[in-house]
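Chains as they are written, first to last, in the working numbering: chain A, 721 to 907; chain B, 1257 to 1450.
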C-alpha cells in the first residue's frame, strides 16, 4: 500500500514539475506535509546532497523517501514513478517532432526557442560561476576588491579552459581532476 | 539487444557524472553522443534541451528519453532513461544507508567547490559552440539578451517568471517573427520583379 502511494505521489511530482530539478521542490514540501515520509529539514539536506552528487533533487528525494519507507525496492520504484510521466510525454512529442520537423510553424518556433535555450544555458552558467568564482561574503567582510574574486578558482577555470581546447580529453576527466584539485588546495 | 544495452550503459555513465543540473550535462553529452558515437547532432541536443525545459519532468531525464527514442524507439527511450537514473539511485541508497552527513563532510565540500569551477567552464564552452547557430540575427540577439537578463537576474527582480513560460513565449515570438520575415522577403521579391 505504501509502495503504491509512494509511486502515485512521485509520479504526480514528475508530471507537474516543469523546468529544472528545483521545480520539484514545491511538490516535495507538499508530500512532506501530507505524508511525513521526510521532514523539511530532510529536504534541505537533500538539496545539499544533490549539489554534491550527480542526481537531480527530484530523483534523489524520491529514492530517499522510497528507501526510508519501504527499503531498496521502494527507493527504485519511487524514482521510476517520478520519471514515468515525462517519458510518456517526451515519446509523444518525439513522434510529433519527426512528423512535423519541416512544418513552417515548428520551424518558426525553433527559431525563437534556440535563442531562448542558449540564453538559459548561459544563465545557468552564470549562476554556477556566482558560487564557484566569486566570494561575496569575504568581500562584504573586508571590503577588499581582491577578496571578491576567488583567485584560486579563477586560475583553475582558465587552466581547464585552455586544457579543454588543447587536450581534447573527455569532460569527465576534467571534472575528476577539478575535484582532486579542490580537495588538495582546500577550495 | 546489444544496442539497448549500449544505450543503457552509456546513459548510466553519463548519469554518474552529471553534476550541477541538466545544462551541465550538455558538454558531456556532446562528447559521448555527438563526437564519439555520432548518435545525434549538437543542433538536435540543443532542441531537446529547449523542449525538455517546457515539458514536465527533469530536463536531464527528458533529454535522455529523447535520445533513446531517436536511437531505438520506445525501448531505447526506456533504456536510456533507466540508465540515467541508475547511478543517482545507487548513490542515494548508499548515502541514505551509511553516510548521514555526507554533504557536510569537509572533503566533499572541497571536491565539489573544484567541480563547480569545471562545470562553469564546460557550460561556457558549450555556449560558445552553440552561439553561432542560435544567435543568427538582431532578433535572436535581442531575444537572447532579454531571456538571459530575466534568468540571470531572477534573484534580484521582484517577480519570477517560470522558465517554462519564457520558453513557450520564445516559441510563439519565434513563429510570429519568422512569419513577418517571410512576408517581408516575399514582398521585397515582388518589388524586385516589378
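All C-beta atoms in this analysis are idealised placements derived from N, C-alpha and C, irrespective of residue type, glycine included.
These numbers come from a predicted model, not from an experiment.
Please classify residue i as buried or exposed, where buried requires at least 16 neighbouring CB atoms within 10 angstroms.
| i | result |
| --- | --- |
| residue 816(A) | exposed |
| residue 1430(B) | buried |
| residue 820(A) | exposed |
| residue 1266(B) | buried |
| residue 778(A) | buried |
| residue 1415(B) | exposed |
| residue 800(A) | buried |
| residue 727(A) | buried |
| residue 1441(B) | exposed |
| residue 780(A) | buried |
| residue 1345(B) | buried |
| residue 734(A) | buried |
| residue 722(A) | exposed |
| residue 1286(B) | buried |
| residue 760(A) | exposed |
| residue 1357(B) | exposed |
| residue 1275(B) | buried |
| residue 900(A) | exposed |
| residue 860(A) | exposed |
| residue 1423(B) | buried |
| residue 753(A) | exposed |
| residue 744(A) | buried |
| residue 1453(B) | Missing from the structure shown is residue 1453(B); chain B here goes from 1257 to 1450 and no further. |
| residue 766(A) | buried |
Just confirm the distance between the C-beta atoms of residue i and residue j, as a whole number of angstroms; I'd bet it's less than 8 Å.
| i | j | result |
| --- | --- | --- |
| residue 844(A) | residue 1279(B) | 4 Å |
| residue 1340(B) | residue 1284(B) | Residue 1340(B) to residue 1284(B), Cβ: 11 Å. No contact. |
| residue 911(A) | residue 798(A) | The question about residue 911(A) has no answer here: the residues shown for chain A are numbered 721 through 907. |
| residue 729(A) | residue 763(A) | With a Cβ gap of about 14 Å, residue 729(A) and residue 763(A) do not count as contacting. |
| residue 1406(B) | residue 1417(B) | 6 Å |
| residue 1296(B) | residue 811(A) | Not really, about 16 Å apart at Cβ, beyond 8 Å. |
| residue 898(A) | residue 1334(B) | Residue 898(A) to residue 1334(B), Cβ: 33 Å. No contact. |
| residue 1343(B) | residue 746(A) | That pair is no contact at about 26 Å. |
| residue 1314(B) | residue 776(A) | 5 Å |
| residue 841(A) | residue 1282(B) | 7 Å |
| residue 847(A) | residue 868(A) | Not a contact, Cβ separation roughly 17 Å. |
| residue 884(A) | residue 1381(B) | 6 Å |
| residue 792(A) | residue 1349(B) | 6 Å |
| residue 873(A) | residue 1290(B) | Wrong, their Cβ atoms sit about 29 Å apart, outside the cutoff. |
| residue 1368(B) | residue 772(A) | 5 Å |
| residue 1338(B) | residue 1264(B) | 7 Å |
Measure from the alpha carbon of residue i to the alpha carbon of each residue in the options, then state which is nearest.
| i | options | result |
| --- | --- | --- |
| residue 1426(B) | 837(A), 766(A), 763(A) and 888(A) | 837(A) |
| residue 1330(B) | 1306(B), 1363(B), 1290(B) and 1259(B) | 1259(B) |
| residue 1383(B) | 1298(B), 1275(B) and 1435(B) | 1298(B) |
| residue 1378(B) | 757(A), 895(A) and 732(A) | 895(A) |
| residue 1273(B) | 1288(B), 1263(B) and 1261(B) | 1288(B) |
| residue 785(A) | 1352(B), 1387(B), 1347(B) and 1395(B) | 1352(B) |
| residue 755(A) | 831(A), 725(A) and 743(A) | 725(A) |
| residue 1262(B) | 1286(B), 1293(B) and 1275(B) | 1293(B) |
| residue 1318(B) | 772(A), 792(A) and 813(A) | 813(A) |
| residue 770(A) | 1347(B), 1419(B) and 1309(B) | 1347(B) |
| residue 833(A) | 1413(B), 1386(B) and 1376(B) | 1386(B) |
| residue 1336(B) | 1380(B), 1316(B) and 1349(B) | 1316(B) |
| residue 1421(B) | 1268(B), 1301(B), 1264(B) and 1310(B) | 1310(B) |
| residue 731(A) | 1332(B), 1364(B) and 1312(B) | 1312(B) |
| residue 839(A) | 1436(B), 1419(B), 1437(B) and 1374(B) | 1419(B) |
| residue 718(A) | 1436(B), 1404(B) and 1301(B) | With chain A represented from 721 up to 907, any question about residue 718(A) goes unanswered, as that position is not in the structure. |
| residue 748(A) | 790(A), 865(A), 818(A) and 802(A) | 802(A) |
| residue 1396(B) | 830(A), 737(A) and 818(A) | 830(A) |
| residue 1389(B) | 1264(B), 1268(B) and 1300(B) | 1300(B) |
| residue 736(A) | 753(A), 804(A) and 772(A) | 804(A) |
| residue 1375(B) | 766(A), 891(A), 757(A) and 743(A) | 891(A) |
| residue 853(A) | 887(A), 870(A) and 766(A) | 870(A) |
| residue 794(A) | 757(A), 887(A), 889(A) and 806(A) | 757(A) |
| residue 824(A) | 1443(B), 1432(B) and 1268(B) | 1432(B) |
| residue 1428(B) | 826(A), 790(A) and 866(A) | 826(A) |
Given the structure, does residue i come close to the ligand MN, in the sense that its CB is under 7 Å from one of the ligand's heavy atoms?
| i | result |
| --- | --- |
| residue 1423(B) | In the structure shown, the ligand MN is absent, as is every other ligand, since no ligand is present at all. |
Since residue i meets chain C, which of its residues come closer than 7 Å, beta carbon to beta carbon?
| i | result |
| --- | --- |
| residue 1274(B) | You won't find chain C in this structure, because its protein chains are A and B. |
Contact set between the stretch 775-795 of chain A and chain B, restricted to residues whose Cβ is under 8 Å from the partner: 775, 776, 778, 779, 780, 783, 784, 787, 788, 792 and 795
Touch test, the stretch 888-905 of chain A against the stretch 1324-1334 of chain B, Cβ-Cβ under 8 Å, three pairs minimum: no
Positions along the stretch 1322-1346 of chain B whose CB lies within less than 8 Å of some CB in chain A: 1322, 1325, 1326, 1330, 1333, 1334, 1337, 1338, 1341, 1343, 1344 and 1345
The stretch 1373-1392 of chain B: positions lying closer than 8 Å to chain A by Cβ: 1373, 1374, 1375, 1376, 1377, 1378, 1379, 1380, 1381, 1382, 1383, 1386, 1387, 1389, 1390 and 1391
Near-chain B residues of the stretch 854-866 of chain A (beta-carbon distance less than 9 Å), N- to C-terminal order: none
Contact list for the stretch 1290-1315 of chain B against chain A, Cβ threshold 8 Å: 1302, 1303, 1305, 1306, 1307, 1308, 1309, 1310, 1311, 1312, 1313, 1314 and 1315
Touching by the beta-carbon criterion (3+ pairs, under 8 Å), the stretch 1299-1310 of chain B and the stretch 1394-1406 of chain B: no
Positions along the stretch 1398-1423 of chain B whose CB lies within less than 7 Å of some CB in chain A: 1399, 1400, 1403, 1404, 1407, 1408, 1418, 1419, 1420, 1422 and 1423
Selection of the stretch 1356-1372 of chain B by Cβ proximity to chain A, strictly under 8 Å: 1358, 1359, 1360, 1363, 1364, 1365, 1366, 1367, 1368, 1369, 1370, 1371 and 1372
Contacting positions in the stretch 829-855 of chain A - beta carbon closer than 8 Å to chain B: 829, 830, 831, 832, 833, 834, 835, 836, 837, 838, 839, 840, 841, 842, 843, 844, 845, 846, 847, 848, 849, 851, 852 and 853
Contact set between the stretch 1422-1438 of chain B and chain A, restricted to residues whose Cβ is under 7 Å from the partner: 1422, 1423, 1426, 1427, 1429, 1430, 1431, 1433, 1434 and 1435
Residues of the stretch 879-891 of chain A with Cβ closer than 7 Å to any Cβ of chain B, in chain order: 880, 881, 884, 890 and 891
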